[in-house]
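The structure appears right after this line, and notes come after that.
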Amino acid sequence: GENVEQHPSTLSVQEGDSAVIKCTYSDSASNYFPWYKQELGKGPQLIIDIRSNVGEKKDQRIAVTLNKTAKHFSLHITETQPEDSAVYFCAASSGYNFNKFYFGSGTKLNVKP
Amino acid sequence: GAGVSQTPSNKVTEKGKYVELRCDPISGHTALYWYRQSLGQGPEFLIYFQGTGAADDSGLPNDRFFAVRPEGSVSTLKIQRTERGDSAVYLCASSPRSDGIQYFGAGTRLSVL
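Residue numbers (the numbering used here), protein chains in the order written: chain G, 12 to 124; chain F, 106 to 218.
Given below as structure tokens:
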């Protein structure tokens with residue numbers, strides 16, 4: 012099955028700086044890669060996603076890049092704010108079973124005011 | 106409140122007992138998923154329903170775990186003879202279609218003493 016690895020496990024940045032979280036996956040047939048944000052006591056919330064036919068996608072301060080050859084994808088948050096502090100998870104869907112998500116182990120982002 | 110609702114939010118039980126966890130998906134969503142999230146880890150896929158049928162139950166760890174969705178809306182995850190290792194947050198997600206975005210509930214925190 013698919014194996015998704017995520018790093019770093021924790022990330023501390025100063026408000027206004029950028030944050031980058033990286034994930035690798037093992038199944039070359041995976042074709043959908045969502046990123047979720049999880050705040051304490053809440054369920055994961057989708058913040059951005061990318062499909063395998065696109066190399067980059069941007070939504071205001073958040074962007075995701077995908078390198079299918081190397082089988083890795085990254086989340087970029089610019090101009091970080093204290094409310095960005097949360098745990099972020101990447102995920103990949105297996106190639107033929109689109110809806111079965113494999114999640115990374117999460118990155119705890121702390122944005123210091 | 107149009108989000109995914111999970112009840113109870115917390116469940117404490119004793120080893121060997123039977124528990125039921127409920128999920129109310131977003132109205133009209135045909136796809137429903139159960140995940141298990143252990144402390145410090147990403148969600149782990151358990152089972153996926155399309156309508157009333159379990160389309161993929163490959164993530165259920167053993168036959169003590171069972172889930173139903175009799176009318177294609179509310180789903181119940183059932184765990185028999187609970188073990189301490191079953192302690193985790195159980196998340197439910199729903200989606201408007203099989204390849205759509207998954208929207209998560211806040212989860213049920215299960216503690217087996």
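Here a beta-carbon is modelled for each residue, glycine too, at the ideal position from N, C-alpha and C.
Between F:Arg127, F:Glu119 and F:Gly205, which lies nearest to phenylalanine 171 of chain F when the distance is taken from Cα to Cα? By 1-based counting over the second sequence, the position of residue 171 of chain F is 66. Just measuring C-alpha positions, the residue of F:Arg127, F:Glu119 and F:Gly205 sitting nearest phenylalanine 171 of chain F is F:Arg127.
Using beta carbons (cut-off 8 Å, strictly below), is asparagine 110 of chain G in contact with chain F? Working through the first sequence from its first residue, we reach residue 110 of chain G at position 99. Yes, asparagine 110 of chain G counts as interfacial toward chain F.
Of all the residues that make up the region 139 to 168 of chain F, which are near chain G by a beta-carbon distance shorter than 9 Å? Interface annotation for the region 139 to 168 of chain F against chain G: Tyr140, Gln142, Gly145, Gln146, Gly147, Pro148, Glu149, Phe150, Tyr153, Gln155, Ala160, Asp161, Ser163 and Gly164, criterion Cβ-Cβ distance under 9 Å.
What does serine 116 of chain G touch in chain F if you count any residue whose Cβ is under 9 Å from its own? The residue you call residue 116 of chain G lines up with position 105 of the first sequence. Within chain F, the residues near serine 116 of chain G are Gly145, Gln146 and Gly147.
Cutoff 7 Å; reference serine 203 of chain F; Cβ partners in own chain excluding five residues on either side: The residue given as residue 203 of chain F occupies position 98 in the second sequence. For serine 203 of chain F, where only same-chain residues beyond five positions count, the Cβ hits under 7 Å are Ala136 and Gln155.
Any beta strand (DSSP E) of 3 or more consecutive residues that is wholly inside the region 139 to 171 of chain F: The region 139 to 171 of chain F contains these whole beta strand (DSSP E) runs: 149 to 155 and 158 to 161.
Reduced DSSP secondary structure (H/G/I, E/B, other) of proline 93 of chain G: Residue 93 of chain G sits at position 82 when you count from the first residue of the first sequence. Under the three-state reduction of DSSP, proline 93 of chain G is assigned to helix.
Serine 216 of chain F to lysine 116 of chain F, Cα distance in whole Å? Residue 216 of chain F sits at position 111 when you count from the first residue of the second sequence. Residue 116 of chain F sits at position 11 when you count from the first residue of the second sequence. About 6 Å.
Outcome for leucine 51 of chain G when other beta-carbon atoms lying within 10 angstroms are tallied against a minimum of 16: Your numbering for residue 51 of chain G matches position 40 in the first sequence. It is exposed - the Cβ of leucine 51 of chain G has fewer than 16 other Cβ atoms within 10 Å.
Nearest to serine 178 of chain F by alpha carbon, out of F:Ala159, F:Asp168, F:Gly190 and F:Gly145? In the second sequence, counting from the first residue as 1, residue 178 of chain F sits at position 73. The option with the nearest alpha carbon to serine 178 of chain F is F:Ala159.
Residues of chain F with CB closer than 7 Å to the CB of phenylalanine 100 of chain G, please, in chain order. Walking along the first sequence from the start, residue 100 of chain G turns up at place 89. Correct list: Gly147.
Using a cut-off of 7 Å between C-beta atoms, extract the partners of phenylalanine 170 of chain F located in chain G. As a working mapping, residue 170 of chain F is identified with position 65 in the second sequence. Near phenylalanine 170 of chain F there are no residues of chain G at all, since even the closest Cβ is about 17 Å away, more than 7 Å.
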